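**Q** Read in order, the letters of the sequence shown correspond to residues 1230 to 1766 in the numbering used here.
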Amino acid sequence: MARSQPTGWGEAPRPIAGPEGRRVAQGPSAIGRLSLHLIVGTGRTSAQTERVRAGPEPGAQGPMAAKSQPGAPKTKSASGITNGKAAAQGQWGRAWEVDWFSLASVIFLLLFAPFIVYYFIMACDQYGCSLTAPVVDLAAGRARLAAIWARTPPVTAKAAQIYAAWVTFQVLLYMLPDFCHKFLPGYVGGVQEGAVTPTGAVNKYEINGLQAWLLTHLLWFANVHLLSWFSPTIIFDNWIPLLWCANILGYAVSTFAMVKGYLFPTDARECKFTGNFFYNYMMGVEFNPRIGKWFDFKLFFNGRPGIIAWTLINLSFAAKQQELYGYVTNSMVLVNVLQAIYVLDFFWNETWYLKTIDICHDHFGWYLGWGDCVWLPYLYTLQGLFLVYHPVQLPTPYVLGVLLLGLLGYYIFRMTNHQKDLFRRTDGRCLIWGRKPKAIECSYTSADGQKHHSKLLVSGFWGVARHFNYTGDLMGSLAYCLACGGSHLLPYFYIIFMTILLTHRCLRDEHRCANKYGRDWERYTAAVPYRLLPGIF
């Protein structure tokens, strides 16, 4: 059966396997339904981001089938579709209009998200990573907000120099041509094409994230063992001053992107305006903001500098543990190994990232700009930070168990997505678990009235649960947290966050699929009755 044809702009070819699961929330009310997710944009990286699907959303008259924006330019794409028409507008990017609940959520996050990050970091710095102690002290009158703030290290000239050098270095690495694809078998890098944009263009990207990660870490280890330009604890030693620098960059780039979208956009036809300043600022105006031919804001800030920094941050935490206690605990090694696998997987699959929601759907605003600069590097590294203050040495059987859980979760996630991609690429003419795969034939009607056909895979891991890739994801996330023992809640923020995120997305996606496929979806859920956990949920 042929794949269904895309009906919307800025979308990739439709996968023909698996339900409508997506790794990045979208639509005007997504931020209201799961506000914290929008702060991190990928919240997750591309290796854990499902490929964006073409065609209309389930329930084509939903929030994305918006009315034309008053005053918006009416331009035509390469296919001749008028941008000002409702039939076309709803098919790409974020919302044209914003409801009051989404607006309230946006304002809340703009005001309080930086303080949420600060609270976690402050709790470690002043209260030994206890999340409740600051609140208890304030309630009992033993501490005052002014006193807590006074003990917080301010931004320093040294931190500003470190951060400026770091970002500049990553920009330079980003602009280099990729060489890794020439000698690494199976790796796809160099100049690659993205999905079709709303104007019918196909942007080109220089995929060199793996090269940038390798060069950065080679320089790091060369410094540690040979050059001694700086202490390997430099990141931890300046952690809070660097937080202010990261906030400055996050707000600066978000503000620049906003101004650029209004005054000198890369392509004015790809801009969206709601008429509400706060929503435009957070969700972004420009679809693909660029400087020159190659510097793409979304690709750079989603992958660099935050994700490359992730493993360096963990290495600096390990170095600080060595400096303070004279040894590195097995728990710290475990966290470094498991999260390094995660980061490397992202850069190995960076080309795939060009076909994900982050690139194909999201505009570039505060939630990507600030989220990638602040939320990701500071809250996704809480396990390593915790272990600096609490050097947990785990029993060997426990370490092996956590390692096995993390590796098994990664295997399930990677193989589940591989099975779907294999099924899609071959149109079902393949073997999964040594057998010809089974699928549910389904159909749906798009907003333009055309009927399309698709397939939902029910073999392999997709026959175990409808979102078993999420299950593997959660297993890996839990392993990060279990590596820290069970004495404190703080390192478990990650699994709590991801459980809420993925459970919500699971339910949201299934609601969309039920509206889209109707009785075909009922046949699919009868064939695969569980969402995440076989026999339970």
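Note that the Cβ used here is the ideal one computed from N, Cα and C, for glycine as well.
Every value quoted in this text rests on a predicted model; they were computed, and no experiment measured them.
#1: Cβ atoms of alanine 1708 and leucine 1651: under 9 Å apart, would you say?
#2: Can you tell which of Thr1381, Gly1635, Ile1463 has the C-alpha that lies nearest to the C-alpha of glutamine 1568?
#3: Comparing alpha-carbon positions, which option in Trp1691, Val1757, Tyr1403 lies nearest lysine 1522?
#4: Within this structure, are the beta carbons of aspartate 1702 and leucine 1736 separated by less than 9 Å?
#5: Comparing alpha-carbon positions, which option in Thr1580, Ile1463, Leu1611, Val1566 lies nearest leucine 1528?
#6: When we look at the beta-carbon of aspartate 1656 and count the other beta-carbons within 10 Å, is it buried (16 or more) or exposed?
#7: For lysine 1549, which residues in the same chain have their Cβ closer than 8 Å to its Cβ, ignoring the five residues on either side in sequence?
#8: From valine 1757 to alanine 1333, what distance separates their C-alpha atoms?
#9: Is it true that the stretch 1505–1515 meets the stretch 1416–1426, where meeting means three or more beta-carbon pairs spaced less than 8 Å apart?
#10: Can you tell me whether lysine 1649 is buried or exposed, with buried defined as 16 or more other CB within 10 angstroms of its CB?
#11: Excluding five sequence neighbours on each side, which residues of the same chain lie with their C-beta closer than 6 Å to the C-beta of threonine 1445?
#12: For the alpha helix (DSSP H) that asparagine 1517 lies in, which residues bound it at each end?
#13: Quick one: what's got a C-beta closer than 8 Å to tryptophan 1449's C-beta in the same chain, skipping five residues either side?
#14: Does arginine 1373 pass the burial test, meaning 16 or more other C-beta atoms within 10 Å, or should it be called exposed?
#15: Determine the contact status of alanine 1712 and leucine 1563, defining contact as a CB-CB distance below 9 Å.
#16: Is it buried or exposed, tyrosine 1556, if we count other Cβ atoms within 10 angstroms and call 16 or more buried?
#17: Would you decide whether arginine 1748 is buried or exposed? Buried here means 16 or more other CB atoms lie within 10 Å of its CB.
#18: Which same chain residues end up closer than 7 Å to lysine 1489 when comparing Cβ atoms and leaving out the 5 residues on each side of it in sequence?
#19: Of the residues Tyr1508, Ile1469, Gln1612, which one's Cα is nearest the Cα of alanine 1386?
#20: If you draw a straight line from the C-alpha of methionine 1511 to the C-alpha of tryptophan 1473, how long is it?
#21: Helix or strand or just coil, what does DSSP make of tyrosine 1759?
#22: Leaving out five residues on either side along the sequence, give the residues of the same chain with a beta carbon under 8 Å from the beta carbon of glycine 1357.
#23: Nearest by alpha-carbon distance to asparagine 1578: which of Gly1532, Cys1589, His1592, Gly1613 is it?
#24: Take alanine 1362 and list the residues in its own chain whose beta-carbon comes closer than 6 Å to its own, dropping the five residues that flank it on each side.
#25: Taking the straight line between their C-alpha atoms, what separation do you get for methionine 1644 and lysine 1433?
#26: Given a cut-off of 9 Å on the beta-carbon distance, is the pair leucine 1608 and phenylalanine 1726 in contact?
#27: Let me check one thing: in DSSP terms, what residues is glycine 1419 bridge-paired to?
#28: Could you have a look at tyrosine 1673 and say whether DSSP puts it in helix, strand or coil?
#29: Between the alpha carbons of tyrosine 1721 and threonine 1700, how many angstroms are there, rounded?
#30: Mapping DSSP to helix, strand and coil, what is phenylalanine 1524?
#31: Across which residues does DSSP place serine 1359 in a beta bridge pair?
#32: Is it the case that the Cβ atoms of phenylalanine 1775 and asparagine 1698 are separated by a distance below 9 Å?
#33: Below 8 Å on the Cβ atoms is my contact criterion, and I expect glutamine 1399 with alanine 1441 to pass it. Report the Cβ-Cβ distance as a whole number of Å.
#34: If you measure between the beta carbons of glycine 1418 and aspartate 1407, is that distance less than 9 Å?
#35: Tell me the residue span of the alpha helix (DSSP H) that contains histidine 1647.
#36: Please say whether serine 1457 and leucine 1719 have beta carbons closer to each other than 9 Å?
**A** Inspection of the coordinates gives the following:
#1: no
#2: Gly1635
#3: Tyr1403
#4: no
#5: Thr1580
#6: exposed
#7: Thr1462, Phe1465, Asp1466, Val1617
#8: 38 Å
#9: no
#10: buried
#11: Ile1537
#12: Note, asparagine 1517: premise wrong, no alpha helix (DSSP H); not H, not E.
#13: Pro1461, Leu1541, Leu1544
#14: exposed
#15: yes
#16: exposed
#17: exposed
#18: Glu1515, Pro1518
#19: Ile1469
#20: 19 Å
#21: coil
#22: Tyr1618, His1619
#23: Gly1532
#24: Tyr1356
#25: 28 Å
#26: yes
#27: Ile1436
#28: strand
#29: 17 Å
#30: strand
#31: The partner list for serine 1359 (beta bridge, DSSP) is empty, contrary to what the question assumes.
#32: Nothing can be reported for residue 1775: it is not among the residues displayed for the chain, which extend from 1230 to 1766.
#33: 7 Å
#34: yes
#35: 1625–1654
#36: no
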